[in-house]
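Protein chains in written order, with this note's numbering: chain R, 1 to 314; chain F, 315 to 655.
Using N, Cα and C, we set each Cβ at its ideal position, and we do this for glycine too.
Keep in mind the model is a prediction, meaning the values are calculated, not measured.
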Amino acid sequence: MTVSRANLADYGLVLAIILIIGGLMVLSPAFRDPENLIGIGRQVAILGIAAGAMTFVILSGEIDLSVGAVASAAAVVTAIALSQGWGVLAIPVGLLVGGLFGLLNGLLIVHVAVPSFIATLVSFFIAQGVALTLTGGQTILFDADWFRTLFATGVLLGNRAAFWWLVVVALVLWWLLARTRFGSNTYALGGDAESASMLGLPVNRLRIAIFTMTGALMGLVGMILIARIGNARADGAIGLEFDAIAAAVIGGTRLGGGYGSIPRTMLGVLLIGVLNNGLAILNVDFNTQQVIKGALVVAVVLIDRWARGEEARA
Amino acid sequence: MTRIHKRPGLAVSALAITALMTGTAAAQECLGTAEALQLTPEQAADIGARGLTFGFLTNNQSDDFSRTLVSGAEAFAGELGVELVINNADFDANTQLSQFDALVQRGVDGIFLTAVDAGSIGQAVRRANDADIPVFIVGGAPARGQVISVMNAASYQGSFDATAAMMDAIGEPNAQIAILGIPFALQTIRDREKGVLDAVGAAGGQIISLQSDFSQDRLLELATNVIQANPDLAGIVATWSLAVNAANEAVEQSGRNILIAGYDSEVPGYMELHSGDTNIVALSGQQAALQGRAALEGLSQAILGAELCDEIITPNLLVTADNYAEMWEVQYPGVTPPWEN
Chain R
1 MTVSRANLAD YGLVLAIILI IGGLMVLSPA FRDPENLIGI GRQVAILGIA
51 AGAMTFVILS GEIDLSVGAV ASAAAVVTAI ALSQGWGVLA IPVGLLVGGL
101 FGLLNGLLIV HVAVPSFIAT LVSFFIAQGV ALTLTGGQTI LFDADWFRTL
151 FATGVLLGNR AAFWWLVVVA LVLWWLLART RFGSNTYALG GDAESASMLG
201 LPVNRLRIAI FTMTGALMGL VGMILIARIG NARADGAIGL EFDAIAAAVI
251 GGTRLGGGYG SIPRTMLGVL LIGVLNNGLA ILNVDFNTQQ VIKGALVVAV
301 VLIDRWARGE EARA
Chain F
315 MTRIHKRPGL AVSALAITAL MTGTAAAQEC LGTAEALQLT PEQAADIGAR
365 GLTFGFLTNN QSDDFSRTLV SGAEAFAGEL GVELVINNAD FDANTQLSQF
415 DALVQRGVDG IFLTAVDAGS IGQAVRRAND ADIPVFIVGG APARGQVISV
465 MNAASYQGSF DATAAMMDAI GEPNAQIAIL GIPFALQTIR DREKGVLDAV
515 GAAGGQIISL QSDFSQDRLL ELATNVIQAN PDLAGIVATW SLAVNAANEA
565 VEQSGRNILI AGYDSEVPGY MELHSGDTNI VALSGQQAAL QGRAALEGLS
615 QAILGAELCD EIITPNLLVT ADNYAEMWEV QYPGVTPPWE N
């Protein structure tokens, strides 16, 4: 049986993850401890949700640079609401903050005709400004054990709540993308926006919906973030956008739009999570970790491109 | 003859000793501590009567240190009767250069700055030198231009003292210690890590892990992984504020008895110590408010003709569960403690 390039495209990433996990298991007994392997799931929860949302954005042919700042702003607002005794109302407030920033992105792109790169950069600055103004640069503490249990620290079936939130969100996003008209329209929009419009697809509404959904999910990310660490800072999730884009691209999502899937993005998330965990356990220093991760990302993307070259010709 | 021959030798020796002593005396004449910079009431009145304006440039105002530094300077400027022009560069070196040049153009009487990039601010410092404007800097001297002094917290001593307190509390030889830090290639960070290494070495412990990151969430992951991978881990030294929070959270979630020492004592750390149920043994607190005040006193002293030493070290506070309330008042003068809110 020969392994074709097309097989590699489909299974290469899985193979890479298996090889890396196998190598780390050989190198470190601590890595292969089941408790550690389970822990990777909760450690990638934030990245996984952000990367899932980013997959929709990239599939539609757009980009969202505001996700980290929006998650931070939502986190700060939620923490303030919790510290002021708003209780369970803090949850919809956090989701609303994220959703409103997403809506702003969509409206700027659709009605002001600003490219998503610029529109989301604007939102990035506004969200960062809001978070800094609200916190005054201070760390916001809150006392709400129920909130932390619900979004991060609670244990269900052997894993923490943060992991289960990732599972739920990934399943919903997969269903939306693979099983609904919303998902097929998203692919069509990213494949060729002009044709999609000529075919009568509600292109503008679709863009607004994708960005609003991404914003709301960043509200959820913000809540998981503060539930994990127990405080909120204006810069809590800054930089998340780049990791989310990297995970989606490693998973094979085409930056030009129209190609990608949630399961593959989750594989990209898993690869990053395994590397982060394994390299820390092996006590590899920060700079070397960055180099190793960068080199692996390039290798995975190049192999994927090479494999898809044959697929495209077939 | 012999005596005559000996006399020049003795004279030369005496001269050399005198020169050395004079040199030492001259070196000691420079003002080298925050305490030495303090203005007498007469000096303060003199400065207040001159109607001076000082520029105060910060690399950011989004962290606790910078905010406290600015508030310390603002409080003392009001007391002293000088105008303070405060600019925040928000970590942008170009913005800071423009702000610096604007202050020189305006003809302020002195500039104090926490540089975004000490390497790139040199030309601007030269322009201030040409305009006879004294420049006082935190962190490191610029590559070009002359500053009246460089102010630094006692990074080495602070981290040494906090780590030594933790090692003392652990009380076991060969204790396994992990460092959780920040990947900045700055002298202050190297000094903090050196302080940790020396204190752990002096107590007979061993460093088994050194991990660092900029993000609190990622630091939590790192601390969790290090705890998971090292069943005999006895202590974590966190060399900056977010690492302290992350280490504390990771230890709490692990349920293990791992002690923590930290550099930077901020609100979450104080609240932990206040809780009475914490694994944090000691935190080293930088006196940012004192530095803000010393900044204006240093510029004032230079204007009054005093010589400042090349480096001025401000002492750190060793904050523990026993003295946190007292230390809060020193570190954050005039600010209501968070446990009273």
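The three-state reading of DSSP puts residue 238 (chain R) in coil, since its state is none of H, G, I, E or B. For residue 277 (chain R), the residues of chain F that pass the 7 angstroms Cβ criterion are 539, in the order they occur in the chain.
The Cβ atoms of residue 287 (chain R) and residue 525 (chain F) lie no closer than 9 angstroms to each other. The beta carbon of residue 477 (chain F) sits closer than 7 angstroms to the beta carbons of 509, 510, 513, 514, 551, 575 from its chain, once the five residues preceding and following it are set aside; these are given in chain order.
Neighbours of residue 581 (chain F) in chain R, taken as residues whose beta carbon is under 8 angstroms from its own, are 138, 139, 141 in chain order.
Cβ proximity to chain F below 9 angstroms picks out 225, 228, 229, 230, 231, 233, 234, 235, 236, 237, 238, 239, 240 from the region 223-240 of chain R. Using a Cβ distance threshold of 9 angstroms, residue 602 (chain F) and residue 645 (chain F) count as a contacting pair. Leaving aside the five residues that flank residue 175 (chain R) on each side, none in its chain has a CB nearer than 7 angstroms to its CB.
The Cβ of residue 151 (chain R) sits no closer than 9 angstroms to any Cβ of chain F. For residue 368 (chain F), the enclosing beta strand (DSSP E) has its first and last residue at 367-372. By the Cβ-count criterion, residue 235 (chain R) is buried, with 16 or more other Cβ atoms from all chains shown falling within 10 Å of its own Cβ. At a C-beta separation below 8 angstroms, residue 536 (chain F) has these neighbours in chain R: 280.
Contact check between the region 559-567 of chain F and the region 443-456 of chain F: fewer than three CB pairs, one atom from each, fall below 8 angstroms, which does not count as touching.
Boundaries of the beta strand (DSSP E) harbouring residue 467 (chain F): 463-467, taken from the DSSP string.
Collapsing the DSSP output to three states places residue 354 (chain F) in coil. Apart from sequence neighbours up to five positions away, no residue of its chain approaches residue 649 (chain F) with a beta-carbon distance below 6 angstroms. Only those residues of the region 19-51 of chain R whose C-beta falls short of 8 angstroms from the nearest C-beta of chain F are listed: 28, 30, 31, 33, 35, 36, 39, 43, 46.
The shortest C-alpha to C-alpha distance from residue 466 (chain F) to any of F:459, F:428, F:362 is the one to F:428. According to DSSP, residue pairing for residue 295 (chain R) in a beta bridge does not occur. Taking all protein chains in view, the Cβ of residue 198 (chain R) is surrounded by fewer than 16 other Cβ atoms within 10 Å, so the residue is classified as exposed.
Between residue 78 (chain R) and residue 223 (chain R), the gap from beta carbon to beta carbon is short of 9 angstroms. Interface flag for residue 132 (chain R) against chain F is set, since a Cβ pair is found closer than 9 angstroms. Under DSSP, the beta-bridge partners assigned to residue 577 (chain F) are F:598.
When DSSP states are grouped into helix, strand and coil, residue 458 (chain F) belongs to the coil group. With fewer than 16 other beta carbons inside 10 angstroms of its own, residue 157 (chain R) counts as exposed. Listed in chain order, the alpha helix (DSSP H) runs fully inside the region 177-225 of chain R are 181-191, 193-198, counting runs of at least 4 residues. The residues 17, 20, 21, 24, 40, in chain order, have a CB closer than 8 angstroms to that of residue 274 (chain R) in the same chain once the five nearest residues on each side in sequence are set aside. Think of a sphere of 7 angstroms around the beta carbon of residue 285 (chain R): the chain F residues whose beta carbon falls inside it are 524, in chain order.
Of all residues in the region 493-505 of chain F, the ones placed with a Cβ closer than 8 angstroms to any Cβ belonging to chain R are 497, in chain order.
The shortest CA-to-CA distance from residue 163 (chain R) to any of R:117, R:123, R:221, R:146 is the one to R:221. Contacts with chain R at 9 angstroms (Cβ-Cβ) include residue 529 (chain F).
Residue 412 (chain F): member of the alpha helix (DSSP H) spanning 407-420, first to last residue.
Here the C-alpha atom of residue 33 (chain R) lies approximately 27 angstroms from the C-alpha atom of residue 51 (chain R). Rounded to whole angstroms, the Cβ separation of residue 569 (chain F) and residue 480 (chain F) is 19 angstroms, and the two are not in contact under 8 angstroms. Here residue 482 (chain F) is exposed. Its C-beta has fewer than 16 other C-beta atoms within 10 Å.
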